[in-house]
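Take a look at the structure set out below.
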Amino acid sequence: MVEDAGNGMDASIDMFSAEEWLSRAQELVPVALKKAREVKVFPGRWKMIVSKLEQIPATLSDLSSHPCFSKNALCKEQLQAVSKTLYEANELSELCIHEKYEGKLRMQSDLDALSGKLDLNLRDCGLLIKTGVLGEVTLPSTAGSTSAEPEAALHGNMRELLARLQIGHLEAKHRALDSLVEVMKEDEKNVLAVLGRSNIAALVQLLTATSPRIREKTVTVICSLAESGSCENWLVSEGVLPPLIRLVESGSPVGKEKATISLQRLSMSAETARSIVGHGGVRPLIEICRTGDSVSQAASACTLKNISSVPEVRQTVAEEGIVKVMINLLDCGILLGSKEYAAECLQNLTSSNDSLRKSVILEGGIRSLLAYLDGPLPQESAVGALRNLVCSVSMEILVSLGVIPRLVHVLKSGSLGAQQAAASAICRICSSTEIKRLVGEAGCIPLLVKMLEAKANGVREVAAQAISSLMTLSHNCREVKKDDKSVPNLVQLLDPSPQNTAKKYAVSSLALLSSSKKCKKLMISYGAIGYLKKLTEMDIPGAKKLLERLERGKLKSLFIRK
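Residue numbers (the numbering used here): 101 to 662.
Following this line, the structure appears as structure tokens:
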């Protein structure tokens with residue numbers, strides 16, 4: 101029987117049933133143990149081999165006791181692998197007993213390999229039981245089968261395929277990866293439906309395989325999983341970040357691209373963004389921004405943008421040279437998306453850190469941001485970055501670079517978000533009479549008055565703040581008076597509701613207009629007195645004084661009519 105088992109060891113797996121492979125293995129175990137115990141040479145190695153051979157009967161018993169044991173292809177494959185290893189053990193013990201081996205070192209190497217195969221067999225059989233894949237049997241569909249049965253069979257096939265990532269030698273896992281890549285192209289939804297944490301762990305381990313081909317295919321699968329948004333926590337908790345960062349550093353072009361896209365998706369979590377910094381991921385990402393192809397460059401820029409949104413790591417990424425790289429991307433990024441991410445990154449970096457603002461200014465960031473604004477890309481982030489920087493430069497620089505006309509242009513034709521950022525920038529630069537004059541002469545007041553009609557509370561607030569600041573200059577105050585919509589729009593902003601955060605600016609602007617009889621009449625006619633009574637009760641600054649002024653005007657008009 102042993103000889104028959106040996107002769108059939110290289111036969112096709114389908115030539116024998118699972119029961120026949122089990123029988124072969126069970127017959128080989130006692131023979132292998134008896135021979136291994138007779139060997140006198142290499143005693144340490146053979147003692148280790150014997151201890152592993154002794155574990156096989158219990159493992160075979162666990163496998164064969166499963167109700168679906170005979171119907172699962174993976175089980176048959178494992179029993180064939182165990183039988184093959186046992187047959188090899190018999191051959192090597194025969195050589196050692198008769199001391200007919202070619203060389204001591206070669207035999208030692210063969211015995212170490214045998215020990216490794218036994219470990220693999222025991223581990224893989226244990227995984228078959230642990231993963232539950234033995235219970236997944238693909239049943240042939242029949243004419244009377246329900247619609248749920250094909251789906252269950254499909255899930256069973258998926259689980260078997262995923263189990264193969266954990267079971268067998270590296271080349272077998274490579275073949276499983278090939279199949280998984282193809283399946284995910286056609287049916288990613290069903291793969292995700294049966295994916296388990298152990299499968300994620302197996303994939304992460306394959307990222308560190310010695311074969312570049314396996315690493316590349318594995319990161320392709322992981323990239324799809326990361327982009328699906330369904331298992332980011334598992335990926336991170338199973339340690340995917342360090343191998344992804346290593347691939348960004350030294351992987352193949354495809355490997356770098358997929359690894360960078362994976363990090364882009366995972367870095368949307370602030371906690372993961374911090375971990376990327378902690379694992380040394382910033383420097384390779386910056387290098388991709390400098391030298392990578394278009395897709396990798398854009399993904400890397402987006403990842404760094406995500407990282408820069410975490411305040412406590414901004415100084416760290418700045419020390420790696422992120423400011424200069426982002427400004428360079430603004431000027432000459434390969435894809436338009438790279439430029440947009442760079443603008444967002446600079447906005448994040450300059451939001452609360454004076455030293456980073458100075459660094460961006462010294463590297464020529466304002467000029468690059470203005471050039472970006474002249475292009476076709478979304479302007480909100482670039483205007484936001486400008487808003488963060490304008491307080492740190494002199495009036496002369498603002499004028500010489502043409503900042504004010506650019507801001508007015510954004511107010512005229514930018515998106516609502518960009519308009520809000522531009523109005524906020526105007527609020528910040530209006531620190532001197534000369535700047536207020538230049539802003540007013542640039543024609544921004546009618547644009548700001550129109551913004552008071554916006555639905556978004558934040559937009560109305562910043563527009564009202566800018567108008568209030570500009571109106572302290574008499575020329576600008578006259579411009580506001582000329583606009584027919586200014587008084588009605590400002591009165592609407594006296595609404596006392598908590599959601600309306602623009603009311604204090606509306607009060608101050610209307611107070612400046614109240615010296616005009618025409619404006620006072622308009623305020624009264626649009627219901628300003630009713631609003632101001634409520635604002636006076638809320639102790640809004642200037643509301644009481646403006647109310648008294650309007651009520652005096654109302655009394656005078658009553659007496660005149662009488």
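Where a beta carbon is used, it is the ideal one built from N, C-alpha and C, also for glycine.
Predicted model only: the values in this text are computed from it and were never measured.
Between the segment 407-419 and the segment 427-436, the count of Cβ pairs shorter than 8 Å is below three; the stretches do not touch. The C-alpha of C389 lies about 18 Å from the C-alpha of Q447. Annotation: E188 to K289 spans about 42 Å, alpha carbon to alpha carbon. Assigned with DSSP and collapsed to three states, F116 falls in coil, not helix or strand. Distance between G627 and A611, taken at the CA atoms: about 15 Å. The segment 509-525 makes contact with the segment 549-568: 3 or more CB pairs, one atom from each, lie closer than 8 Å. Scanning its chain for C-beta atoms nearer than 7 Å, with the 5 sequence neighbours on each side dropped, one finds around A485 the residues A443, L446, Q447, T450, L469, in chain order. When rounded, the separation of the alpha-carbon atoms in W146 and P353 is 46 Å.
Per DSSP, I434 lies in no alpha helix (DSSP H) and is assigned neither H nor E.
A residue is called buried when at least 16 other Cβ atoms come within 10 angstroms of its Cβ; C491 does not meet this threshold and is exposed. The segment 564-580 and the segment 602-620 touch, with three or more beta-carbon pairs separated by less than 8 Å. By the neighbour-count criterion, in which 16 or more other beta carbons inside 10 Å mark a residue as buried, M638 falls on the exposed side.
Looking at the backbone, the Cα of A309 and that of L265 are separated by about 12 Å.
Nearest Cα to K358 within the set M368, E371, L344: L344. Across the structure, S209 and F142 are spaced so that their CA atoms are roughly 11 Å apart. Annotation: V413 is outside any alpha helix (DSSP H) and is labelled neither H nor E by DSSP.
Taken through DSSP and simplified to helix, strand or coil, G558 comes out as helix. Taking 7 Å as the cut-off, the beta carbon of L306 is found closer than this to the beta carbon of T318. Shown here for A482: same chain residues with a beta carbon closer than 7 Å to its own, the five before and five after excluded, namely A443, L469, Y472, L473 in chain order. According to the DSSP assignment, E338 belongs to no alpha helix (DSSP H), since it is labelled neither H nor E. In this structure, L430 sits away from I466, with a CB-CB distance that is not shorter than 7 Å. The DSSP assignment places 533-541, 545-551, 557-570 as complete runs of the alpha helix (DSSP H) inside the segment 519-578, in order along the chain (cut-off: 4 residues). Comparing alpha carbon positions, the residue from I156, E371, S193 closest to V139 is S193.
Counting only residues of its own chain and dropping the five nearest sequence neighbours on each side, H379 has a CB closer than 8 Å to the CB of L341, P342, I345.
Spanning the alpha carbons of L385 and K152 requires a straight line of approximately 46 Å.
Looking at the backbone, the Cα of M495 and that of P505 are separated by about 14 Å. Under the 10 Å beta carbon count, E419 is surrounded by fewer than 16 other beta carbons and is classified as exposed.
Inter-residue distance for L218 and E127 is about 17 Å (C-alpha atoms, whole angstroms). In the DSSP assignment, N190 falls within the alpha helix (DSSP H) that extends over 173-197. Contact check for R487 against A525 passes: the beta carbons are separated by less than 7 Å.
Beyond the five residues adjoining it in sequence on each side, V460 comes within less than 8 Å, by CB distance, of V423, I427, L446, L449, T450, I466, A485, L489 in the same chain, given in chain order. Less than 7 Å divides the Cβ of E338 from the Cβ of V304.
Ranked by Cα distance from K620, the options H274, E651, L594 are led by E651. Secondary structure at R264: coil, using DSSP grouped into helix, strand and coil.
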